[in-house]
Amino acid sequence: MHGNVPGTNSKEVYRMAKEETSALYDLLAIRGVSRRDFLKYCGSVAAVLGLSEAMVPQIAAAVEKAGKLKPVLWLAQGLCTGCTESMAQVDSPDVPTIVLDLLSLNYWETVMAAAGDQANENIEKTVEAGGFIAIVEGAVMTGFEGNALRIAGKPATEELAKILAKADAIVAVGSCAVDGGWVKANPNPAGGIGVAEFCKNEGIAVPVVNVPTCPVNPEWVVVLVIDVLLLGKLPELDASGRPKLIFGSTIHDNCPRRGHFENSEFVETFGSPEEAMGYCLYKVGCKGPQTLTNCPTVRWNRRVSWCVESGSPCIGCGGLNWVDNSAPFVQRMADVQLPGIGGMSPDTIGIGLGAVAGGALLVHGIAQTVTGRMGHGAPLEDEKGGGE
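The numbering of the sequence shown is the working numbering, which starts it at 3 and goes up by one.
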């Protein structure tokens, strides 16, 4: 289920932590988490990673034997701290928090107690020692010769380049770090760009794992900690550097409102009876058919809910250049055919819009009619035996 980035030896980049000690058992006991709860969480990790239940013991063993992980520098660039706030929503006490506790977070500007020279010393010592992971939150501000953002009296880009060049690996968390996000939105006066683009411009060859959305989902970060740092494997990435196991299918694929789409049941305006009945939000701007994430299955806010379930259209924050591409957020996507013959499913919209995608939808709709999978376009309420 995993692959290597071309030209990168994942075993060298992500070496297994030494098995001399296990801090996990102590943390479990202190936090009051049972062994059963721990194994249950390992099962959820396997599900997010697309692995079978047979992998649960292997995941559990890897976590148990890991001891202390690599040191981590969580670097703040042009940001609103939304991703840090999202990470703070991980339940405590629970297994995700314990896994994060295994990290040696030497620098996290938004939440750390250190400041001034002491904070800078933490960075310098970590970089000098090497063997660390750099997690970047926020867009890289290149405007005004790097002076759009200054840290410790210097252009932030200068220090960032020095740090990233020495890292074992880089994780860009949140859309701003991935490709500029909100900061890069037109007209982009501060010259915001993503971490991968910045590394390319600076000639930095360290592998970058992109984890978009605004803000980042904390469950994904914890899973990557386990998958990458503990199991010693670099996740298979798509062409945009995103982990395929998280960003390999569209939101539409697993959306609970998908049946309404395929039965031509749409919300036309907010506040309507159709909205109250939970109809599909495509016509009021939902970008689910073109957005690649597993939000419907992993969910948000301690897995309580997610955007579409709470009544909001997906605004496409998992996509690239999502602000400019998705705005206006409550306007229907252009050039995507609606259900017609027996209902059509936009499985291929995430790959490309326009005539090619439209043709694929038409073929898919006809095929589903022939195989009888769509219920011949009957209203969803009738199929259920009454509206809800």
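Glycine included, each C-beta is placed from N, C-alpha and C at the ideal position. Keep in mind that this is a model prediction, so the values were computed, not measured.
Where does A359 land, buried or exposed, given buried means 16+ other C-beta within 10 angstroms? Because the pLDDT at A359 is just 33, under 50, the model does not fix this residue reliably, and the point stays unresolved.
Cutoff 8 Å; reference M143; Cβ partners in own chain excluding five residues on either side: Q79, G80, A150, L151, A158, T159, V185, A192, G193, G194
Burial state of Q430, where buried means 16 or more other Cβ atoms lie within 10 Å: Past the boundaries of the shown model lies residue 430; the chain is included only from 3 to 390, so the question cannot be answered.
Please say whether V223 and I172 have beta carbons closer to each other than 8 Å? no
Own chain partners of F200 with C-beta closer than 6 Å, once the 5 adjacent residues on each side are dropped: V142
Going by CA-CA distance only, name the one from R305, F263, V306, F249 that's closest to G318. For G318, the nearest C-alpha among the options comes from F249.
Please go through the segment 178-205 and give each complete alpha helix (DSSP H) segment of 4 or more residues, from N-terminal end onward. 183-186, 197-204
Whose C-alpha, out of A174, V286, E276, V180, is nearest the C-alpha of A1? Coverage of the chain is limited to positions 3 through 390, which leaves residue 1 absent and any answer about it impossible.
Spatial neighbours of I165 within its chain, please: C-beta separation below 8 Å, excluding the five flanking residues on both sides. L75, L77, I125, V129, A136
What residue range is occupied by the uninterrupted alpha helix (DSSP H) comprising W324? Where W324 is concerned, the enclosing alpha helix (DSSP H) stretches over 324-328.
K289 burial status per 10 Å Cβ neighbour count (16 or more: buried): So K289 counts as buried.
Going by alpha carbons, who is nearest to G176 out of S251, N219, P258? N219
Need the endpoints of the beta strand (DSSP E) that A154 sits in, please. It is not in any beta strand (DSSP E) - A154 carries neither H nor E in the DSSP assignment.
Taking V82 as the reference, which of Y281, T112, E277 has the closest Cα? The question names Val, yet the displayed sequence has Cys at residue 82. It is T112.
Shortest alpha-carbon distance to R260 belongs to which of S274, S242, E238, Y284? Y284
Ordered along the chain, which non-local residues of its own chain (more than five positions away) have a Cβ less than 8 Å from that of N323? The beta carbon of N323 sits closer than 8 Å to those of D181, G182, K186, all from its chain and outside the five residues before and after it, given in chain order.
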